[in-house]
Amino acid sequence: MEAKAIARYLRVTPMKARRVVDLVRGKQANEALAILQFAPQGASEPVYKVVASALANARQHADQAGVAFNEDDYYVTEARVDEGPTMKRFRPRAQGRAYRINKRTSHVTVVVGTEEKGGDQ
Numbered sequence: 000m001e002a003k004a005i006a007r008y009l010r011v012t013p014m015k016a017r018r019v020v021d022l023v024r025g026k027q028a029n030e031a032l033a034i035l036q037f038a039p040q041g042a043s044e045p046v047y048k049v050v051a052s053a054l055a056n057a058r059q060h061a062d063q064a065g066v067a068f069n070e071d072d073y074y075v076t077e078a079r080v081d082e083g084p085t086m087k088r089f090r091p092r093a094q095g096r097a098y099r100i101n102k103r104t105s106h107v108t109v110v111v112g113t114e115e116k117g118g119d120q
């Protein structure tokens, strides 16, 4: 059984968020949450929330289907960070010039699922 959670328009650059997502891809869901809880990166908090949301979605799907739910059976099967829209701002510089500042956003997608027979976990 699979469940998905998406956080869109996060105010963290995709490059920084990918560093955090790479830590948990393929890990057990509870282990991923423990890693994210103590990771020093700023992007670890929103990614933690997305993984926790995906696990809660899996619990909801299991309850609706009448299947027993065990958190230890779930793994982060897919985790990706896509680039969202960039907010463009201008900063005054010397001699009347203006430099553009790009405030980037991210879309984080996490899929948790039970381990498949053919999986290489």
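Here numbering that gives the first Met the number 0 is used: the first residue of the sequence shown is 0, the next is one more, and so on.
Cβ coordinates follow ideal geometry from the N, Cα and C atoms, glycine included.
For the beta strand (DSSP E) containing residue i, name the first residue and the last one.
| i | result |
| --- | --- |
| residue 90 | 86-91 |
| residue 77 | 73-82 |
| residue 15 | It is not in any beta strand (DSSP E) - residue 15 instead sits in the alpha helix (DSSP H) that spans 13-23. |
Checking 8 Å against the spacing of the C-beta atoms, do residue i and residue j come in under that value?
| i | j | result |
| --- | --- | --- |
| residue 80 | residue 20 | yes |
| residue 45 | residue 107 | yes |
| residue 110 | residue 77 | yes |
| residue 57 | residue 2 | yes |
With 16 as the cutoff for other CB atoms within 10 Å, does residue i come out buried or exposed?
| i | result |
| --- | --- |
| residue 112 | buried |
| residue 11 | buried |
| residue 13 | buried |
| residue 98 | exposed |
Determine the extent of the alpha helix (DSSP H) in which residue i is found, giving its start and end residues.
| i | result |
| --- | --- |
| residue 58 | 43-64 |
| residue 28 | 28-37 |
Alpha carbons only, please: which of the options is nearest the one belonging to residue i?
| i | options | result |
| --- | --- | --- |
| residue 15 | 26, 42, 32 | 42 |
Could you name the residues that DSSP lists as bridge partners for residue i?
| i | result |
| --- | --- |
| residue 1 | 112 |
| residue 101 | 87 |
| residue 6 | 107 |
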